[in-house]
């Protein structure tokens, strides 16, 4: 449901995205080689990969394909807003409907649109007023090298936004109230009143769908040749 | 199934244990007050606690009681060894039975006994030969203050030991092979042959039971007054 992955769109799809965190020093701080070696040392994974990919030898393409296939199952249907759109007029309260109207009329919907209420375009963060980011990221220009793409970030989906604080590419906003306030000011040149802000936030909370439902996995035991993980260097 | 909690037995039961990691600087690096404030700020937790404990105000005793109640559900029945003990003679291979016999005859069972194959006593680590630990922990004496308790540690259960590397209170042994070897040498004064070691390890792997089976929980959304977590100071 996203045109690309990561805030700057540097990965074209989930499979490409999945390779990122494995090797990112601030995330898993691992390498693709080490990840594959680790899986290859664990008989439980070797047999699973063999079943799916018909090969004894695990490679990183299979690993990221498997992660992407799992991620594709992580849909969150049946939000109250979905039900309301499908005709169940009791699914939203009057305040939430007012929030939705305000969301459309004041312009949020120009970027946050489509089935995911976002994820369709890159847009400049700080259209009306510059955004004081807490990190040096400059968005899309890091990928395209074009000056015109500076501070262009992928518009995030608003589905389940209630569950995904902190907000913005730098995580600077702790609450939806703050995020709505900032977006109004820097993207739309609009100061929402407290009451308007509360209505929009009420609407945003109707975008929380049924969360993925699966059993906690128990990982297969490692073997005597599995390399022991090394904690971050101190 | 354990006479006390932690390697040095400093917590008498699961409820007391549950309070430990919350405040441990090397684990959650939190305080009980902050933990309670956090839960109290999240309406989803307030309503759950109200349902169970009939009170609006969450306290740490309720938090640790709830964690302990969850932990008590984490049993792992139906290991192959359990089935074998109940009369299913095909549940173990000949090698695994030989490993079990060796486990009894060579003395492991003196400490690793009872339903959990451990957890019944504190024993000196390094009975025959001193253990070169990689950490300064001295075990039970840290709790009792008695010199006689130095290097006495709670005997761990061997259930699911295949899944719980690394081994020993300092995590120094990566593999069951190494752990069995060290235990034989420093506790029993015995050098297991490679074949004996392999048999005991084969037996230990029959102690893996059905793992707990529950859905991945989705946590209730935080509220505007929920304090944002602070990463470890740099």
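Chains as they are written, first to last, in the working numbering: chain A, 8 to 241; chain B, 8 to 241.
Positions of the beta carbon are idealized from the N, C-alpha and C atoms, including for glycine.
- In this structure, DSSP gives residue 51 of chain A a helical state, which the three-state scheme calls helix.
- The contact set of residue 175 of chain B on chain A, defined by CB atoms closer than 7 Å, is empty, because the minimum CB distance reaches about 14 Å.
- By the Cβ neighbour-count rule, residue 103 of chain A is buried, with 16 or more other Cβ atoms within 10 Å of its own.
- Under the 10 Å beta carbon count, residue 159 of chain B is surrounded by 16 or more other beta carbons and is classified as buried.
- Collapsing the DSSP output to three states places residue 194 of chain B in a helix.
- For a cut-off of 8 Å, the C-beta gap from residue 81 of chain A to residue 219 of chain A is around 5 Å, short enough to register as a contact.
- The way I'd put it, the stretch 228-238 of chain B doesn't touch the stretch 102-121 of chain B; fewer than three beta-carbon pairs between them come closer than 8 Å.
- Taken in chain order, the complete alpha helix (DSSP H) segments of 4 residues or longer contained in the stretch 198-236 of chain A are 201-211.
- Beta-bridge partners assigned by DSSP to residue 130 of chain B: B/160.
- In this structure, the beta-carbon distance from residue 213 of chain B to residue 87 of chain B falls below 8 Å.
- When secondary structure is reduced to three states using DSSP, residue 144 of chain A falls in the coil class, being assigned neither helix nor strand.
- Put simply, the CB of residue 181 of chain A is near chain B, with a gap under 8 Å to one of its CB atoms.
- The beta-carbon of residue 138 of chain A is placed no less than 8 Å from the nearest beta-carbon of chain B.
- For residue 181 of chain B, the CB contacts under 7 Å within the same chain, skipping 5 residues up- and downstream, are 172, 173 in chain order.
- Between the alpha carbons of residue 145 of chain A and residue 25 of chain A lies a gap of roughly 22 Å.
- By the Cβ criterion, the stretch 130-149 of chain A is in contact with the stretch 178-198 of chain A, since at least three pairs of Cβ atoms, one from each stretch, lie closer than 8 Å.
- In this structure, residue 215 of chain A lies near residue 167 of chain A, with their beta-carbon atoms less than 8 Å apart.
- By the beta-carbon neighbour count (other beta carbons within 10 angstroms, threshold 16), residue 142 of chain B is exposed.
- Secondary structure at residue 107 of chain A: helix, using DSSP grouped into helix, strand and coil.
- By the criterion of a C-beta distance shorter than 6 Å, residue 67 of chain A is surrounded in its chain by 39, 43, once the five residues flanking it on both sides are discounted.
- Ranked by Cα distance from residue 157 of chain B, the first of B/183, B/35, B/16 is B/16.
- The beta carbon of residue 83 of chain B sits closer than 8 Å to those of 166, 167, 215, 216, 217, 218, 219, all from its chain and outside the five residues before and after it, given in chain order.
- Going by C-alpha positions, residue 127 of chain B is about 8 Å away from residue 11 of chain B.
- Classified as exposed, residue 223 of chain A has fewer than 16 neighbouring CB atoms from the shown chains inside 10 Å of its CB.
- Chain A places no beta carbon closer than 8 Å to that of residue 237 of chain B, leaving this residue out of the contacts.
- Residue environment: residue 204 of chain B is assigned as buried (16 or more neighbouring CB atoms within 10 Å of its CB, all protein chains considered).
- In this structure, the beta-carbon distance from residue 114 of chain A to residue 227 of chain A does not fall below 8 Å.
- Ranking A/185, A/188, A/169, A/161 by CA distance to the CA of residue 176 of chain A puts A/161 first.
- By alpha-carbon distance to residue 62 of chain A, the top candidate from A/47, A/116, A/232 is A/47.
- Out of A/41, A/109, A/14, A/131, the CA that lies nearest to the CA of residue 200 of chain A is found in A/109.
- Annotation: the continuous alpha helix (DSSP H) that includes residue 92 of chain A extends over 87-92.
- Scanning B/232, B/54, B/229, B/211 for the CA closest to the CA of residue 123 of chain B turns up B/211.
- Using beta-carbon distances, residue 225 of chain A counts as an interface residue toward chain B, with a partner under 8 Å.
- When only Cα atoms are considered, residue 230 of chain B and residue 49 of chain B end up about 6 Å apart.
- Counting of Cβ neighbours within 10 angstroms places residue 33 of chain A among the exposed residues, the total staying below 16.
- Bridge pairing for residue 18 of chain B: B/12 [DSSP].
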